[in-house]
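In full-length UniProt numbering, the protein residues as written are 1 to 725. The beta-carbon is built from N, C-alpha and C at its ideal position, and this holds for glycine as well. All values derive from a computational prediction rather than experimental measurement. A short worksheet on the structure shown next.
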């Protein structure tokens with residue numbers, strides 16, 4: 001029961017009229033005692049931060065804050081115009097009250113105001129504020145359309161000054177995602193018509209800004225601050241770069257190819273007040289498309305919303321992913337997509353005549369715009385020439401035709417050109433083109449310009465030659481040269497034969513030619529639609545050559561003669577050696593016995609053999625029969641005496657009586673063998689039948705014979721002379 005009664009007490013107090021006064025109106029300042037006990041409880045909580053001010057076009061307003069429980073609390077705005085002249089406004093539970101200069105409060109003189117908050121058992125008061133209401137003006141916050149720009153690490157905000165609110169002081173507060181507010185000062189604004197504020201710009205984080213203004217009066221209390229403006233969201237100075245790449249697929253039959261985006265776009269965090277759909281703090285990514293081919297088209301670039309799939313033609317493109325925020329475009333990543341290089345030989349029909357050049361190609365649909373582009377082969381870096389055409393009639397049906405005169409100079413050089421044709425129904429959109437065809441074409445008179453030069457003929461054999469030539473200019477155009485044709489003509493019989501050769505070959509062998517004949521050879525280069533011109537004839541002669549078999553026989557005969565002479569000489573040499581061995585056999589060498597040795601120094605002395613009379617008789621009878629052995633040492637370096645073999649051909653015998661005291665004359669085994677092998681060179685001995693006694697001449701000749709042996713020693717070692725008893 002107590003709580004409902006307590007709730008009715010404030011209401012009853014308001015209903016009870018004061019003694020001696022009428023009831024107060026709901027919008028006027030009541031000059032009666034308040035309907036509660038006017039005693040401050042001294043609580044730490046209660047109303048505070050009272051601000052009273054004039055509002056442009058809306059009268060006057062007082063606002064305050066209340067700390068503490070708000071249940072059952074009523075607020076009263078008290079105003080004293082002078083001593084004992086006070087009134088109050090009942091605000092109920094609100095913390096803001098508006099009134100006008102007609103509600104009993106003086107606005108041109110200083111008044112004192114405070115707030116009393118009443119509960120069941122307590123009354124709380126705010127600090128008093130004394131001011132002149134008309135002079136205390138509360139400015140409006142900056143409007144919503146604030147211009148934001150960033151440069152050099154700062155963000156600049158500009159806005160129009162509200163009407164009749166010049167000379168304001170401006171403050172700002174800002175925060176990043178997950179951080180508290182930070183207060184900043186923009187300073188006094190003295191520029192007429194607009195106000196601005198420089199704020200710090202974060203490099204990699206989005207920020208939320210709010211601004212407020214107040215009147216700045218010299219030598220007067222400052223006016224109250226305006227409310228905070230709407231959030232101003234600012235993206236980071238350097239937006240994050242996307243990690244993406246493009247995958248280009250093959251060109252389809254429709255002349256277009258698919259380009260797919262792979263990767264993830266970065267997401268940035270936003271402050272609490274910038275999470276709306278159009279907060280301008282987000283970073284968006286766009287695709288900038290630049291078509292490099294066909295420079296004569298109306299529009300070459302276009303910026304598109306970034307998407308995962310693009311459909312482009314076979315032309316060359318530059319793609320760039322651009323980060324975009326409220327400051328404009330940021331850093332970008334670029335990719336180059338080269339042109340599709342596959343060509344289709346034969347898809348384009350070009351005919352050159354005196355009045356110009358005509359081009360025919362398969363048409364796609366009526367009303368399309370075609371771009372014909374041509375460029376010298378191998379000069380990709382140089383700009384290509386092009387022309388736009390819209391064929392009106394199909395002649396023949398399904399074929400588009402374009403003609404240009406010689407005065408245009410299109411493809412006038414005798415060189416190789418790459419021709420590409422694109423088509424679109426919307427020339428102003430670079431992403432709507434498709435490739436029709438691409439092929440190589442040799443400009444000028446290809447039949448004459450493609451004639452091979454510098455033909456050479458080399459003889460390989462008695463009936464074959466090798467023909468070589470420099471490559472044709474048509475070979476520099478891929479797919480243009482179809483083949484070479486070799487023509488060989490025998491001038492005597494005027495017989496002609498032709499031989500096709502692959503376009504990659506520059507040499508051919510001609511066989512089956514007749515010896516003693518004169519030939520001429522020519523070469524031409526043909527395309528798929530044009531026959532080339534013949535080169536200048538190159539003449540050559542096949543000489544009559546001797547048979548190789550005859551040459552081989554001459555070589556074999558010469559070699560046989562030489563070998564025969566050599567063999568005959570060897571046989572003759574061997575035969576002469578055998579004859580010489582039989583005619584002049586070698587002498588024996590009795591070197592095994594050392595009975596008698598003659599020093600080398602004694603060979604030059606004259607030896608005199610003693611006569612048999614010098615030997616005593618008694619020694620002859622008493623001494624046994626012994627053989628006298630004479631050893632003759634020969635110097636190896638001395639030459640053999642040609643007269644020595646004759647010394648031992650005659651048998652020489654000495655008297656037995658004279659040789660009885662001689663030494664042992666028996667020959668060693670190897671000397672006996674040598675003597676037995678040569679009967680004519682028998683041992684020089686004495687026998688009983690032919691003694692020296694019976695032949696004095698022989699005895700007398702023996703010293704001479706030995707002297708000859710001494711004077712003429714033979715080489716090869718010692719020679720033994722045996723004298724048998």
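Annotation: residue 234 to residue 320 spans about 24 Å, alpha carbon to alpha carbon.
Take the alpha-carbon of residue 367 and the one of residue 424: they are about 9 Å apart.
Bridge pairing for residue 188: 169 [DSSP].
Residue pairing by DSSP places residue 96 opposite 63 in a beta bridge. Residue 579 carries a helical assignment under DSSP once its states are collapsed to helix, strand and coil. C-alpha of residue 300 to C-alpha of residue 529: approximately 36 Å in a straight line. Here the alpha carbon of residue 381 sits roughly 11 Å from the alpha carbon of residue 292.
The three-state secondary structure of residue 562, taken from DSSP, is helix. Residue 134 sits in coil when the DSSP states are folded into three classes, being neither helix nor strand. Under the 8 Å Cβ criterion, the segment 196-203 does not count as touching the segment 121-139, having fewer than three qualifying pairs.
Around residue 405, the same chain offers 356 as residues with beta carbons nearer than 6 Å, after the five sequence neighbours per side are excluded. In this structure, the CA atom of residue 161 is about 17 Å from the CA atom of residue 185. The beta carbon of residue 85 lies closer than 8 Å to those of 31 in the same chain, with the five residues before and after it left out. In the three-state reduction of the DSSP assignment, residue 343 falls in the coil class. Every beta strand (DSSP E) of 3 residues or more that sits fully in the segment 404-464 is shown, in chain order, as 416-424, 434-442 and 456-459.
The residues 518, in chain order, have a CB closer than 6 Å to that of residue 541 in the same chain once the five nearest residues on each side in sequence are set aside. Our two residues, residue 79 and residue 57, have alpha carbons roughly 22 Å apart in a direct line. Note on geometry: alpha-carbon atoms of residue 143 and residue 209 lie some 13 Å from one another.
Look at residue 272 here: in three-state DSSP terms it is helix. Here the alpha carbons of residue 534 and residue 451 stand approximately 7 Å from one another. Annotation note: the UniProt domain "Fibronectin type-III" (451-545) contains the following uninterrupted beta strand (DSSP E) runs of length 3 or greater, listed N- to C-terminal: 456-459, 465-468, 481-490, 495-501, 507-510, 518-527 and 538-541. Among the bridge pairs identified by DSSP, residue 149 is matched with 156.
At the C-beta level, residue 435 and residue 261 stay beyond 8 Å of one another.
Look at the segment 281-333 and you find these whole runs of beta strand (DSSP E), each 3 residues long or longer: 284-291, 301-305, 309-313 and 317-325. Secondary-structure assignment with DSSP links residue 47 through a beta bridge to 66.
In the structure shown, the three-state DSSP call for residue 376 is strand. For residue 263, the secondary structure class from DSSP, reduced to helix, strand or coil, is strand. For the set 183, 467, 463 and 192, the Cα lying nearest the Cα of residue 454 is the one of 467.
In the three-state reduction of the DSSP assignment, residue 337 falls in the strand class.
In chain order, 59 place their CB closer than 6 Å to the CB of residue 100, counting only its own chain and leaving out the 5 sequence neighbours on each side.
At the C-beta level, residue 137 and residue 207 stay beyond 8 Å of one another. Shown here for residue 51: same chain residues with a beta carbon closer than 6 Å to its own, the five before and five after excluded, namely 63 and 224 in chain order. Residue range 194-200 is occupied by the beta strand (DSSP E) that includes residue 198.
A check of alpha carbon separations from residue 167 across 285, 418 and 193 identifies 193 as the nearest. CA-to-CA, the gap between residue 322 and residue 328 works out to about 10 Å.
Straight across, the Cα-Cα distance linking residue 486 with residue 460 is about 18 Å.
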